[in-house]
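**Q** Following this message is one structure expressed as structure tokens.
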Amino acid sequence: MLNIWCIAEHRKGKLGRISFELLQKAKQLAEKTDVNLTSVVIGCNLTNDVLKKLFSYGAHKVIYLEGKGLNDFSAEKYSECLAGIIKQRGPDIILAGSTTMGRTLMPYLAVKLETGLTADCTLLDYDGTNLIQIRPALSGNLMAVIKTPNHRPQMATLRPGIVSNLEKSTASDGELEKLDAAINLKNRINKIEHKEADGKFNITEAQTVVAVGKGIKSPKNLDLICDLAETIGAALGASRDVVDRGWLDYSRQIGLSGHIITPKLYIGIGVSGAIQHTAGMQDAKQIIAINKDPKARIFEFADFGLVGDFLEVVPALIKKLDCKNLVL
Numbered sequence: 057m058l059n060i061w062c063i064a065e066h067r068k069g070k071l072g073r074i075s076f077e078l079l080q081k082a083k084q085l086a087e088k089t090d091v092n093l094t095s096v097v098i099g100c101n102l103t104n105d106v107l108k109k110l111f112s113y114g115a116h117k118v119i120y121l122e123g124k125g126l127n128d129f130s131a132e133k134y135s136e137c138l139a140g141i142i143k144q145r146g147p148d149i150i151l152a153g154s155t156t157m158g159r160t161l162m163p164y165l166a167v168k169l170e171t172g173l174t175a176d177c178t179l180l181d182y183d184g185t186n187l188i189q190i191r192p193a194l195s196g197n198l199m200a201v202i203k204t205p206n207h208r209p210q211m212a213t214l215r216p217g218i219v220s221n222l223e224k225s226t227a228s229d230g231e232l233e234k235l236d237a238a239i240n241l242k243n244r245i246n247k248i249e250h251k252e253a254d255g256k257f258n259i260t261e262a263q264t265v266v267a268v269g270k271g272i273k274s275p276k277n278l279d280l281i282c283d284l285a286e287t288i289g290a291a292l293g294a295s296r297d298v299v300d301r302g303w304l305d306y307s308r309q310i311g312l313s314g315h316i317i318t319p320k321l322y323i324g325i326g327v328s329g330a331i332q333h334t335a336g337m338q339d340a341k342q343i344i345a346i347n348k349d350p351k352a353r354i355f356e357f358a359d360f361g362l363v364g365d366f367l368e369v370v371p372a373l374i375k376k377l378d379c380k381n382l383v384l
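Here's what the structure looks like:
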């Protein structure tokens, strides 16, 4: 039987959507072989009701590593907790989300386990021996198919949002194992400030994202874009140029050095379509681009493109949508 561990995420006592997406993608491998799915949670003071939600999405077992100070993510602490139990129990495959946590934790863990890691996968398969890890490469111009034949466990991170509809399983219960995760690592990190977006306004989880590029000319024009985002219930994202100029903070950056997003709808305003940015949003279900330059690269990715001055287009769009009280 193939033993797959999925690393769950939580914030403010609630499990993140990626925790359930991982289980659903892993469950699809059951069509090729018998699969035993374990969800691993690291934290402190999480309730049984929260942990047991993982059974409803396919987990056969939940391992809860609990320890003081583990509610705040630390790559050093989390990898230390995981490395010991992984070496002891030897799962075949370990999956995590391609989120801020997953993209930081999994490289640490791969080094400790002396195994490989494929990041930002969009598809998984199984050939009877190896996990087939499929991800975009060369800025999305081709799909790379990767195996880890000589080392175990096989490890990969998956992009959030690749599961459009979460399906609950018929099972509502399973084995819940709680373990003491006390570790002796010296804390080298002091948290001085923490800002966290709520729900639909978090670009990694939002189903609708309005993104701005340097083509909006000035941070003064952000109010207009925010009006559009509020009208349709969208999260606000940005290109790297906008973040580098200090117009918006890094938490909103979309691209290879920011967040990889897969919303149902992406609207790019004043976004030129640089490779670094499009690699982070090209898997959106629908893409709308508004740009004054008809030759802007973003139009190559757009399902709908509008060539025009956003200062004229966006107010007209807000008026039209607001009249319909439309929230996407």
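Numbered per this note's numbering, the sequence shown spans residues 57 to 384.
All C-beta atoms, glycine included, are put in the ideal place defined by N, C-alpha and C.
Nothing here was measured: the structure is a model prediction, and the numbers come from that model.
Please report how far the alpha carbon of residue 333 lies from the alpha carbon of residue 324, in whole angstroms.
**A** 11 Å
**Q** In whole angstroms, give me the CA-to-CA distance for residue 189 and residue 174.
**A** 7 Å
**Q** In the DSSP assignment, what are the bridge partners of residue 95?
**A** 62, 118
**Q** Throw me the rounded Cβ distance for the residue 237 and residue 122 pair, which I believe falls under 8 Å.
**A** 6 Å
**Q** Just curious, the alpha helix (DSSP H) that residue 210 is in, first and last residue?
**A** From DSSP, residue 210 is part of no alpha helix (DSSP H) but of the beta strand (DSSP E) over 210 to 214.
**Q** Residue 374 and residue 336 look like a contact to me (Cβ under 8 Å); what is the Cβ gap, rounded to whole Å?
**A** So it is not a contact: roughly 26 Å between Cβ atoms.
**Q** Please report the straight-line C-alpha distance between residue 131 and residue 365, rounded to a whole angstrom.
**A** 44 Å
**Q** In whole angstroms, what separates the C-alpha of residue 64 from that of residue 129?
**A** 12 Å
**Q** Going by Cα to Cα distance, which pick from 328, 207, 111 is closest to residue 186?
**A** 207
**Q** Using only the alpha-carbon positions, how far apart do residue 73 and residue 261 sit?
**A** 8 Å
**Q** Here's the rule: buried if 16 or more other CB atoms are within 10 angstroms of the residue's CB, otherwise exposed. What is residue 39?
**A** Since the first residue shown for the chain is 57 and the last is 384, residue 39 is missing from the structure and cannot be characterised.
**Q** Measure the C-alpha to C-alpha separation of residue 164 and residue 372 and round it to an integer number of angstroms.
**A** The alpha-carbon atoms of residue 164 and residue 372 are separated by roughly 49 Å.
**Q** For residue 140, name the three-state secondary structure that DSSP assigns.
**A** helix
**Q** Roughly how many angstroms separate the alpha carbons of residue 148 and residue 235, rounded to a whole number?
**A** A direct Cα-to-Cα measurement between residue 148 and residue 235 gives close to 21 Å.
**Q** Please state whether the Cβ-Cβ distance between residue 223 and residue 80 is less than 8 Å.
**A** yes
**Q** Spell out the partners DSSP gives residue 360 in its beta bridges.
**A** 344
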